[in-house]
Amino acid sequence: MQKPNQFIQLRLQKLARLRELGVDPYPIESHRSHKIGEILEDKDEWIAQQTQLSLCGRLVAMRRQGKLGFGNLEDDSGRVQIYVQRDLVGEDNYEIFKLFDAGDFVQIRGTMFYTQSGEYSIKATEVTMLSKNIRPLPAVKEKMEDGRLIRYDEFSDIELRYRKRYLDLLLNPSHRQVFLWRSRIISGIRSFLDARGFVEVETPILQPLYGGANARPFITHHNTLDVDLYLRIATELYLKRLIVGGFERVYELGKDFRNEGMDRTHNPEFTMLELYQAYTDLRGMMEITEALFHYIADEVMHKSVYRFRGYDIDLKQPFRVATMTELVKEHAGIDRSDMDYDRALAFCTQRELEIPEGAGVGRLIALLFDEYVEEKLIQPTFVVDYPKEISPLAKAMPGNPLLADRFELFMAGYEFGNSFSELNDPVDQRTRLEAQAALKAMGDDEAQVVDEDFLEALEYGMPPMGGLGIGMDRMVMLFTENDSIKEVILWPQMRPE
RNA sequence: GCAUCUCUAGCUCAGUCGGCAGAGCAACUGACUCUUAAUCAGUGGGUCCGGGGUUCGAAUCCCCGGAGAUGCACCA
21 MQKPNQFIQL
31 RLQKLARLRE
41 LGVDPYPIES
51 HRSHKIGEIL
61 EDKDEWIAQQ
71 TQLSLCGRLV
81 AMRRQGKLGF
91 GNLEDDSGRV
101 QIYVQRDLVG
111 EDNYEIFKLF
121 DAGDFVQIRG
131 TMFYTQSGEY
141 SIKATEVTML
151 SKNIRPLPAV
161 KEKMEDGRLI
171 RYDEFSDIEL
181 RYRKRYLDLL
191 LNPSHRQVFL
201 WRSRIISGIR
211 SFLDARGFVE
221 VETPILQPLY
231 GGANARPFIT
241 HHNTLDVDLY
251 LRIATELYLK
261 RLIVGGFERV
271 YELGKDFRNE
281 GMDRTHNPEF
291 TMLELYQAYT
301 DLRGMMEITE
311 ALFHYIADEV
321 MHKSVYRFRG
331 YDIDLKQPFR
341 VATMTELVKE
351 HAGIDRSDMD
361 YDRALAFCTQ
371 RELEIPEGAG
381 VGRLIALLFD
391 EYVEEKLIQP
401 TFVVDYPKEI
411 SPLAKAMPGN
421 PLLADRFELF
431 MAGYEFGNSF
441 SELNDPVDQR
451 TRLEAQAALK
461 AMGDDEAQVV
471 DEDFLEALEY
481 GMPPMGGLGI
491 GMDRMVMLFT
501 ENDSIKEVIL
511 WPQMRPE
């Protein structure tokens with residue numbers, strides 16, 4: 021009876037045979053003259069010129085038949101057939117070729133030609149092993165028929181795809197494409213912001229205090245300092261310190277970490293864009309948000325309507341702007357938007373919503389919004405007039421002390437962005453953070469903490485400004501039309517096996 | 001956290017009423033100097049997610065546990 025690793029045993033034997041033939045199966049040197057994508061352009065020219073080529077890549081299929089053999093060679097630019105004939109490469113080299121397997125990295129020297137059946141191929145004059153595969157790849161075969169790709173067998177087990185992402189990328193080109201788009205979207209964002217005079221910065225991930233959002237943090241420990249540190253839940257408070265320091269437009273694209281549940285829109289570590297711009301406010305942030313989505317749609321994706329969560333999200337139309345209370349009125353079956361505490365409480369109680377301890381009218385309205393409105397906001401909608409009570413870092417609206425100058429952007433029922441005119445009154449900010457600390461003391465483990473160093477920075481003076489945060493993973497989900505965050509994060513969090 | 005579903009060969013899956021563990025592809029051996037899901041002939045390959053129970057007999061039924069998916073709850 022063969023052992024479970026029978027495949028590996030057999031390939032190790034081939035490895036030994038290669039060494040017996042004097043071949044290093046893992047040589048240092050490789051020589052690539054052209055990428056496969058290049059030689060797929062102007063095919064007749066490559067044949068007419070009989071250019072001497074040296075192609076490198078992974079063998080993804082092998083069809084040996086006696087004294088000749090075919091294979092498919094793939095690099096990151098394309099795939100081409102190789103043709104290896106004993107009489108052309110010589111007997112010794114052909115012995116080496118016979119030890120090639122699908123999965124090996126190899127180098128093929130030769131010239132291009134068309135086979136008798138018309139397939140554009142490289143006719144080998146020499147084959148070289150570059151890196152021997154000892155664990156066979158899952159078999160995925162495919163063929164083109166009438167321009168359509170037909171796949172036989174698959175590598176589709178979701179758990180395996182996430183845990184062995186390299187196999188998913190290798191065997192499922194459409195999944196590889198998602199991450200190419202992700203990369204282009206992120207660099208598109210950089211181009212967009214750089215062109216507007218923003219400076220990209222990096223702030224600490226390991227922080228002595230966490231802040232800038234309502235969430236539970238991860239805690240870690242630094243040995244030399246012998247202190248516990250938090251993994252950041254937001255970049256906000258450090259970016260604001262930079263505005264105090266004289267930068268006028270900054271942004272950071274990076275990971276935040278929140279010690280909370282996981283589902284198809286939440287991963288414990290996720291990528292966030294935050295930006296801050298001095299001498300503008302919420303209106304400026306609204307403009308930049310809409311412009312950013314339009315820019316990515318037009319310049320990166322070249323498409324304006326996205327099929328997402330069963331909806332057609334149209335990014336071409338101007339984004340709707342609506343106040344939270346009017347939306348609550350519209351969707352929660354409430355007949356008036358001028359709610360005071362008693363009325364809001366009555367609505368919540370009537371609907372059997374759980375009232376958090378210490379909740380004022382603002383949190384109650386937000387509760388109704390979460391419960392009845394969020395999922396109904398399909399086309400891009402800026403929700404404005406947020407309760408100040410749930411916006412401890414935002415400026416109050418002039419003339420209405422209960423509201424903050426804040427918006428959140430919703431599409432397809434999901435939050436996509438969060439923005440406000442940033443609070444720069446150090447005295448007010450202290451009061452608000454102390455209120456958060458009081459909530460924390462009452463058991464709200466997501467309430468914020470008082471960051472004295474941040475407050476001190478504000479006391480030195482911070483200009484009026486707008487700030488914005490956009491979740492990158494969700495943005496990539498929208499633009500690549502994926503309903504699960506795990507499809508757009510290379511290694512989503514999984515339980516250890 | 002709760003509920004439902006899934007877990008069988010390297011991959012994708014079938015497995016009836018509880019009665020010998022199966023297929024395709026992959027792998028191996030042989031044949032083959034224009035194949036391309038190569039073909040033809042042959043061969044090997046299993047902790048049926050793990051543990052326990054019921055039974056003459058369990059992939060199958062029951063219990064406990066694990067992982068994943070989905071929904072709900074929590075959460076931005």
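FYI, the numbering for the first sequence is 21 to 517, going by my numbering.
From the three backbone atoms N, C-alpha and C, an ideal C-beta is built for every residue, glycine too.
All figures in this text were calculated on a predicted structure; none of them were measured in a lab.
Report the three-state DSSP secondary structure of residue i (helix, strand or coil).
| i | result |
| --- | --- |
| residue 246 | coil |
| residue 141 | strand |
| residue 320 | helix |
| residue 494 | helix |
| residue 124 | coil |
| residue 515 | coil |
| residue 304 | helix |
| residue 152 | coil |
| residue 336 | coil |
| residue 27 | helix |
| residue 254 | coil |
| residue 267 | coil |
| residue 230 | coil |
| residue 310 | helix |
| residue 178 | helix |
| residue 426 | strand |
| residue 33 | helix |
| residue 118 | coil |
| residue 262 | helix |
| residue 38 | helix |
Please report the Cβ distance between residue i and residue j, rounded to the nearest whole angstrom; I am assuming they are in contact, meaning their Cβ atoms lie under 8 Å.
| i | j | result |
| --- | --- | --- |
| residue 37 | residue 119 | 6 Å |
| residue 441 | residue 301 | 4 Å |
| residue 277 | residue 251 | 4 Å |
| residue 59 | residue 132 | 6 Å |
| residue 73 | residue 142 | 6 Å |
| residue 46 | residue 264 | Residue 46 to residue 264, Cβ: 54 Å. No contact. |
| residue 282 | residue 255 | Not confirmed; about 22 Å, so no contact. |
| residue 484 | residue 299 | 6 Å |
| residue 126 | residue 79 | 6 Å |
| residue 410 | residue 386 | 5 Å |
| residue 102 | residue 91 | 5 Å |
| residue 405 | residue 343 | 4 Å |
| residue 94 | residue 77 | 5 Å |
| residue 232 | residue 257 | 5 Å |
Taking 6 Å as the limit between beta carbons, can you name the residues of its chain near residue i, skipping five residues before and five after?
| i | result |
| --- | --- |
| residue 340 | 401 |
| residue 438 | 428 and 489 |
| residue 273 | 293 |
| residue 413 | 443 |
| residue 57 | 97 and 98 |
For residue i, which residues from the same chain have a beta carbon less than 8 Å from its beta carbon, with the 5 sequence-adjacent residues on both sides left out?
| i | result |
| --- | --- |
| residue 109 | 117, 144, 145, 146 and 147 |
| residue 112 | 41 |
| residue 134 | 67, 140 and 141 |
| residue 21 | Per-residue confidence for residue 21 stands at a pLDDT of 29, beneath the threshold of 50, marking its modelled position as unreliable; no derived number is given. |
Alpha carbon to alpha carbon, how far is residue j from residue i? Give it in angstroms, no decimals.
| i | j | result |
| --- | --- | --- |
| residue 451 | residue 383 | 18 Å |
| residue 215 | residue 303 | 19 Å |
| residue 280 | residue 32 | 45 Å |
| residue 82 | residue 53 | 23 Å |
| residue 313 | residue 136 | 50 Å |
| residue 327 | residue 499 | 9 Å |
| residue 465 | residue 155 | 48 Å |
| residue 511 | residue 238 | 19 Å |
| residue 128 | residue 164 | 24 Å |
| residue 196 | residue 285 | 20 Å |
| residue 330 | residue 172 | 28 Å |
| residue 149 | residue 69 | 27 Å |
| residue 407 | residue 423 | 4 Å |
| residue 338 | residue 204 | 24 Å |
| residue 522 | residue 193 | Coverage of the chain is limited to positions 21 through 517, which leaves residue 522 absent and any answer about it impossible. |
| residue 372 | residue 363 | 14 Å |
| residue 504 | residue 224 | 29 Å |
| residue 55 | residue 75 | 7 Å |
Leaving out the 5 sequence neighbours to the left and right, which residues in its chain are closer than 7 Å to residue i when beta-carbon positions are compared?
| i | result |
| --- | --- |
| residue 446 | 475, 478 and 479 |
| residue 212 | 312 and 315 |
| residue 43 | 116 and 149 |
4-residue-minimum alpha helix (DSSP H) runs that sit fully inside the region 44 to 108, ordered along the chain:
56 to 59 and 63 to 69
Within the region 373 to 419, ranges of the alpha helix (DSSP H) (whole runs, at least 4 residues)
381 to 388
Tell me the start and end of each unbroken beta strand (DSSP E) in the region 432 to 511 that is at least 3 residues and wholly inside, in chain order.
434 to 441 and 485 to 491
So within the region 182 to 229, which uninterrupted alpha helix (DSSP H) runs reach at least 4 residues, ignoring any that extend past its ends?
185 to 191 and 193 to 215
Return the chain-ordered ranges of every alpha helix (DSSP H) run that is complete within the region 345 to 370 and spans a minimum of 4 residues.
361 to 370
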